[in-house]
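Report on the structure given below.
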Amino acid sequence: MLCLSPAVSAADVGVAGIFPGKALLVIDGGTPRLVAVGQKTAEGVRVVAIDGESVTLDVEGKKRTLRMGQSVVSQKSSGDVQEMTLAADSRGHFVTQGAVNGQVVRFLVDTGATMVSLGAADATRIGIDWRKGQPGVAQTANGQARAWKVRLDTVRIGEIVVHGVDGIVHETDLPVALLGMSFLSRMDIRNEGSTMTLRKKY
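Sequential numbering of the sequence shown, starting at 135, is according to my numbering.
Structure representation (structure tokens):
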């Protein structure tokens with residue numbers, strides 16, 4: 135199974151393919167190499183486990199689970215600086231794994247979305263009592279739909295964490311959560327073709 139899945143770490147690591155018992159890794163832009171489960175590279179990257187389309191790595195003592203299509207290629211967090219770079223997928227979209235209130239969520243970066251938007255199933259799984267939120271109507275690709283405005287305790291992508299983020303929960307499910315402007319407005323955003331760098335402002 136071949137999948138392009140750039141990864142996240144202090145050193146840039148990418149998963150270029152997944153095979154039985156082995157992952158095809160690209161480290162710091164070097165030549166792809168097969169690394170077996172349990173094996174550790176000279177750069178300090180160890181493959182902990184492979185489960186379907188995800189690879190768990192130990193990078194400099196930190197475990198990272200990378201899924202197919204995850205698009206974080208690098209990040210740095212030093213002192214007050216929280217920054218990460220995303221890579222566009224084949225359609226030019228920036229998709230990444232993140233978390234809402236500590237629960238894993240798959241995000242599509244959407245500067246056209248006013249708020250972080252979740253489908254009903256994701257919101258329920260996270261534990262949000264969204265029907266107690268402020269009811270309203272949201273515009274979707276299929277027209278208008280009922281939605282509830284809620285307050286999200288935390289929204290995280292990589293090492294960037296933002297507290298107290300306005301969110302919208304749609305009555306129907308969404309194929310992917312939208313990382314909207316209630317989060318992105320707190321970032322300095324630099325878009326350079328196939329990459330987007332987010333740097334937390336406050």
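Idealized CB from N, CA, C, for every residue including glycine. Everything numeric in this text was worked out from a predicted model, so none of it was measured.
Item                                                                                                             : Value
Whole-number beta carbon distance between Val-215 and Ile-262, since they are thought to touch under 8 angstroms : Not confirmed; about 30 angstroms, so no contact.
For Val-284 and Ser-319, the rounded distance between their alpha carbons                                        : 17 angstroms
Distance between beta carbons of Val-193 and Val-181, contact taken as under 8 angstroms                         : That belief does not hold up - the Cβ atoms of Val-181 and Val-193 are roughly 10 angstroms apart, past 8 angstroms.
Ala-311 vs Asp-223 beta-carbon contact at 8 angstroms                                                            : no
Distance, Gly-267 Cα to Val-206 Cα                                                                               : Residue placement at Val-206 is poorly supported in this model, since its pLDDT is 47, which falls under 50; the coordinates still yield a value, given next. About 32 angstroms.
Continuous beta strand (DSSP E) stretch holding Ile-262: start and end                                           : Where Ile-262 is concerned, there is no enclosing beta strand (DSSP E), given that its DSSP letter is neither H nor E.
Beta-carbon proximity check, Ala-279 vs Thr-306, cutoff 8 angstroms                                              : yes
Residue from Gly-292, Val-299, Ile-291, Gly-253 whose Cα sits closest to the Cα of Ala-281                       : Gly-253
Extent of the continuous beta strand (DSSP E) run through Phe-241                                                : 237–243
Pair within 8 angstroms by beta-carbon distance, Val-147 and Lys-156                                             : no
Alpha-carbon to alpha-carbon, Ala-176 and Gly-301                                                                : 43 angstroms
For Ser-251 and Asp-200, the rounded distance between their alpha carbons                                        : The amino acid occupying residue 200 in the given sequence is Leu; Asp does not appear at that position. Whole-angstrom Cα-Cα distance: 23 angstroms.
Buried/exposed call for Ser-316, threshold 16 Cβ in 10 Å                                                         : buried
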